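Residue numbers (UniProt numbering): 1 to 113. Here a beta-carbon is modelled for each residue, glycine too, at the ideal position from N, C-alpha and C. These figures come from a predicted structure and were not determined experimentally. For reference, the structure discussed in these notes is given below.
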């Protein structure tokens, strides 16, 4: 889906683990780790920026000798079964997403657990 629709922005609105339970599989390598392969795709993490309440990761997705850069906005302080007490960092994240998203006709992929 990411490749087919030329997605540039992925928003992850959950943590990998919540209260000791696995909530989401990690589909990207940690920054500084070797690329991971989900055949036929290979994913590398080129950069990671820590922001208030979220991370921005620059991921390189490779498929059949073609590569595309995409950005994962990983919001880590969304409470399980609740809503955040403040929306300031969410609004900041949305503002930055607009800077990374060059074309409005390309969908954004948003997922939680």
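Spatially closest choice to residue i from the options, by CA coordinates
i, options, result
"residue 46", "36, 21, 52, 53", "36"
"residue 78", "7, 3, 104, 18", "18"
"residue 103", "2, 8, 1, 84", "8"
"residue 43", "71, 91, 112, 61", "61"
"residue 112", "25, 4, 20", "25"
Residue range of the alpha helix (DSSP H) that includes residue i
i, result
"residue 96", "88-100"
Buried or exposed (CB count within 10 angstroms, at least 16 for buried), residue i
i, result
"residue 93", "buried"
"residue 10", "buried"
"residue 74", "buried"
"residue 1", "exposed"
"residue 54", "buried"
Start and end residues, beta strand (DSSP E) containing residue i
i, result
"residue 46", "41-51"
Per DSSP, cross-strand counterpart(s) of residue i
i, result
"residue 70", "59"
Cβ separation of residue i and residue j, assumed to be a contact under 8 Å, to the nearest whole Å
i, j, result
"residue 23", "residue 33", "That belief does not hold up - the Cβ atoms of residue 23 and residue 33 are roughly 21 Å apart, past 8 Å."
"residue 96", "residue 56", "7 Å"
"residue 63", "residue 29", "Actually they do not touch by this definition, with Cβ atoms about 16 Å apart."
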